[in-house]
Amino acid sequence: MSAPDEVEVERLADRVHGSGLSARLYDPFLWWGEKGGLSKKRERLLQAARGEVLEIGAGTGLNLAHYPSGLKRLVLTEPEEHKAARLLKKAKELGVEAEFVRASAEALPFDDESFDTIVATLVFCTVGEPEQAIAELRRVLRPGGCWLFIEHIRSDRPAIGRIQDRIRRPWASVADGCQCNRRTIEMIEAGGFTVELKSVADKALMPPVARPIVAGTARPG
Ligand SMILES: C[S@@+](CC[C@H](N)C(=O)[O-])C[C@H]1O[C@@H](n2cnc3c(N)ncnc32)[C@H](O)[C@@H]1O
Numbered sequence: 006m007s008a009p010d011e012v013e014v015e016r017l018a019d020r021v022h023g024s025g026l027s028a029r030l031y032d033p034f035l036w037w038g039e040k041g042g043l044s045k046k047r048e049r050l051l052q053a054a055r056g057e058v059l060e061i062g063a064g065t066g067l068n069l070a071h072y073p074s075g076l077k078r079l080v081l082t083e084p085e086e087h088k089a090a091r092l093l094k095k096a097k098e099l100g101v102e103a104e105f106v107r108a109s110a111e112a113l114p115f116d117d118e119s120f121d122t123i124v125a126t127l128v129f130c131t132v133g134e135p136e137q138a139i140a141e142l143r144r145v146l147r148p149g150g151c152w153l154f155i156e157h158i159r160s161d162r163p164a165i166g167r168i169q170d171r172i173r174r175p176w177a178s179v180a181d182g183c184q185c186n187r188r189t190i191e192m193i194e195a196g197g198f199t200v201e202l203k204s205v206a207d208k209a210l211m212p213p214v215a216r217p218i219v220a221g222t223a224r225p226g
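The sequence shown begins at 6 in the numbering used here and counts up by one.
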């Protein structure tokens with residue numbers, strides 16, 4: 006595999022949902038969960054970031070304050086223009102030095118094996134073609150590299166899982182395409198990664214529809 010061309014990168018970035026309103030509401034919507042422990046989870050996860058780091062779907066920049074110092078390179082990707090504008094502003098305010106690239110996870114404009122660490126938090130619920138995106142992450146990650154993730158996944162409590170299945174569509178229509186019943190861990194493993202879960206949280210960090218929240222690492226298997 007090789008890097009997609011510019012036209013493909015732009016075409017796939019253009020497909021990502023979003024609006025000025027949802028970008029504006031994103032941080033207030035997550036405020037309670039961040040205070041309740043999500044921010045701590047981000048901080049703990051990102052301590053493992055090393056070398057050349059690529060963040061996927063960086064959103065409004067809620068990870069920015071948690072990157073360790075001494076990284077060789079930090080590349081922040083975000084396909085949605087309103088969130089990207091907020092990301093840029095927050096990075097400036099925090100004095101974070103990074104490269105900003107408009108790209109979706111399905112088409113990453115980087116050579117094979119370019120990064121030591123990939124970060125994706127609360128992203129794979131929303132990615133349109135998760136299998137394609139996972140293959141892209143595998144392509145750009147170096148052997149021995151590590152993908153650090155936080156995701157909300159389909160509950161394995163049967164009653165909750167069934168509710169998530171039923172409300173998937175209406176939830177997606179108000180939440181920028183977020184699929185609340187996605188079995189993301191199984192998808193990552195099917196994409197050739199070995200997953201190590203560090204935590205599974207089923208408490209009020211997010212609304213019940215978007216729980217549990219898992220944090221962990223995935224390494225090319
Ligand atoms: C729920 S937000 C999470 C934002 C941020 N990562 C965080 O932890 O707060 C989902 C993010 O994924 C981005 N996104 C949606 N589809 C994507 C795709 N196909 N590729 C990359 N990012 C995508 C959205 O624009 C949005 O910024």
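Even for Gly, the Cβ is constructed at its ideal location relative to N, Cα and C.
Since residue 221 sits in a beta bridge, which residues does DSSP pair it with?
Position 216 of the sequence shown holds residue 221. Looking at the DSSP assignment, residue 221 forms a beta bridge with 154 and 202.
To which residues does DSSP link residue 104 through a beta bridge?
Counted from its first residue, the sequence shown places residue 104 at position 99. Looking at the DSSP assignment, residue 104 forms a beta bridge with 80.
Tell me where the alpha helix (DSSP H) around residue 125 begins and ends.
Looking up residue 125 in the sequence shown gives position 120. Where residue 125 is concerned, there is no enclosing alpha helix (DSSP H), although the beta strand (DSSP E) it sits in stretches over 120-126.
Return the chain-ordered list of same chain residues with a C-beta closer than 8 Å to the C-beta of residue 123, the five sequence neighbours on each side being excluded.
Start at 1 with the first residue of the sequence shown, and residue 123 comes out as number 118. These residues qualify, in order along the chain: 58, 59, 60, 61, 142, 145, 146, 150, 151, 152 and 153.
In the DSSP assignment, the beta strand (DSSP E) including residue 58 goes from what residue to what residue?
Mapped onto the sequence shown, residue 58 falls at position 53. Taken as a continuous stretch (DSSP letters only), the beta strand (DSSP E) holding residue 58 covers 57-61.
Could you please give the first and the last residue of the uninterrupted alpha helix (DSSP H) stretch that includes residue 169?
Taking the first residue of the sequence shown as 1, we reach residue 169 at position 164. First-last of the alpha helix (DSSP H) with residue 169: 163-179.
Looking at residue 178 and ligand 2, is the gap between the Cβ and the nearest heavy atom below 8 Å?
No copy of ligand 2 occurs in the structure displayed; its ligands are ligand 1 alone.
Do we get a CB-CB distance below 9 Å when we pair residue 35 with the residues of chain D?
As a matter of chain content, chain D is missing from the structure shown, which is built from one protein chain.
What separation, rounded to the nearest whole angstrom, lies between the Cα atoms of residue 180 and residue 130?
To locate residue 180, count along the sequence shown from 1; it is residue 175. To locate residue 130, count along the sequence shown from 1; it is residue 125. Going by C-alpha positions, residue 180 is about 10 Å away from residue 130.
So for residue 23, helix, strand or coil by DSSP?
Your numbering for residue 23 matches position 18 in the sequence shown. Residue 23 falls in the coil class under three-state DSSP.
So which of 166, 185 and 167 has the shortest CA-CA distance to residue 175?
Taking the first residue of the sequence shown as position 1, residue 175 is located at position 170. Measuring from the Cα of residue 175, the nearest candidate turns out to be 185.
Residue 121, buried or exposed, once every other Cβ within 10 Å from all chains shown has been counted against 16
Counting from one through the sequence shown, the residue named residue 121 turns up at place 116. Per the 10 Å Cβ criterion, buried.
Which residues mark the beginning and the end of the alpha helix (DSSP H) in which residue 192 is found?
Looking up residue 192 in the sequence shown gives position 187. Note, residue 192: alpha helix (DSSP H), 189-195.
Helix, strand or coil, according to DSSP, for residue 146 in the structure here?
Walking along the sequence shown from the start, residue 146 turns up at place 141. Correct three-state label for residue 146: strand.
Report the rounded CA-to-CA distance for residue 49 versus residue 19, giving the unit in angstroms.
Working through the sequence shown from its first residue, we reach residue 49 at position 44. Working through the sequence shown from its first residue, we reach residue 19 at position 14. Between the alpha carbons of residue 49 and residue 19 lies a gap of roughly 32 Å.
Reducing DSSP to helix, strand and coil, say where residue 41 ends up.
For this step, residue 41 is matched to residue 36 along the sequence shown. Here residue 41 sits in helix by DSSP.
Helix, strand or coil for residue 31? Go by DSSP, reduced to three states.
Along the sequence shown, one-based indexing puts residue 31 at 26. Of the three classes helix, strand and coil, the one that applies to residue 31 here is helix, per DSSP.
Heavy atom of ligand 1 less than 8 Å from the Cβ of residue 47, yes or no?
Translated into positions along the sequence shown, residue 47 becomes position 42. Correct: residue 47 has its Cβ closer than 8 Å to ligand 1.
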